[in-house]
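Residues in the sequence shown are numbered consecutively from 334, following the numbering used here.
These notes concern the structure reproduced below.
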Amino acid sequence: MYTIKVANDPRTCNRIVIYRPSKNIISQNELISLWEQKCGQNFRKDFVTEEEIVKQSETLPHPENIPVSILHSVFVRGDLMAFEIGEEDLEASELYPDYNYTSIHQLLDIFLVNPPAPASAAFQ
């Protein structure tokens with residue numbers, strides 16, 4: 334819905350619009366913990382240190398090192414979220430404060446209606 338609003342809003346013409354509602358900014362660990370609380374299950378977690386991830390990205394042959402480097406960038410360094418919104422940039426939830434976006438809590442409640450079986454994700 335934000336995309337439609339932004340596309341039709343003259344205030345956004347030639348501007349950078351960022352979709353980053355503050356209530357939806359949580360870490361992967363927070364998301365997993367929240368899902369465990371909502372569904373009543375505990376998942377096995379294998380923690381890998383940053384040093385191990387960096388070592389793998391440096392020692393695995395190309396292209397096998399690419400997924401490891403992406404995981405490091407996104408989940409360890411936080412490169413997708415670790416930036417400030419510039420003075421000229423717009424944030425969608427601030428631009429349209431009356432629009433009620435779906436929060437992470439609400440989305441997980443929707444998933445609880447027909448929860449998927451726990452599975453692990455892996456690059457292939």
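By construction, the Cβ of each residue, glycine as well, lies at the ideal position given by its N, Cα and C atoms.
Nearest to residue i by CA position, among the options, is which residue?
| i | options | result |
| --- | --- | --- |
| Arg348 | Glu384, Leu445, Asp422, Ser355 | Asp422 |
| Asp442 | Ser402, Trp368, Thr382, Gly419 | Trp368 |
| Ala452 | Pro343, Val350, Arg377, Ile337 | Arg377 |
| Glu417 | Val350, Asp342, Val339, Ile437 | Val350 |
| Asp342 | Gly373, Leu428, Leu440 | Leu428 |
| Ile403 | Pro394, Gln361, Ser390, Ile365 | Ser390 |
| Val446 | Cys372, Cys346, Glu363 | Cys372 |
| His438 | Lys356, Arg344, Ala340 | Lys356 |
Give the straight-line distance between the Cα atoms of residue i and residue j, rounded to the nearest whole angstrom.
| i | j | result |
| --- | --- | --- |
| Tyr432 | Ile359 | 21 Å |
| Tyr352 | Tyr335 | 8 Å |
| Ser436 | Ser406 | 24 Å |
| Arg410 | Leu440 | 26 Å |
| Pro396 | Leu364 | 29 Å |
| Cys346 | Lys338 | 12 Å |
| Val381 | Arg344 | 44 Å |
Output needed for residue i: all residues of its chain with C-beta closer than 7 Å, excluding positions within five of it in sequence on either side, in chain order.
| i | result |
| --- | --- |
| Phe444 | none |
| Phe408 | Gln361 |
Here's the rule: buried if 16 or more other CB atoms are within 10 angstroms of the residue's CB, otherwise exposed. What is residue i?
| i | result |
| --- | --- |
| Ala425 | buried |
| Val401 | buried |
Near residue i, what residues of its chain come up, given a Cβ to Cβ distance below 6 Å and the 5 sequence neighbours on each side ignored?
| i | result |
| --- | --- |
| Glu384 | none |
| Gly419 | none |
| Met414 | none |
| Asn398 | Ser390 |
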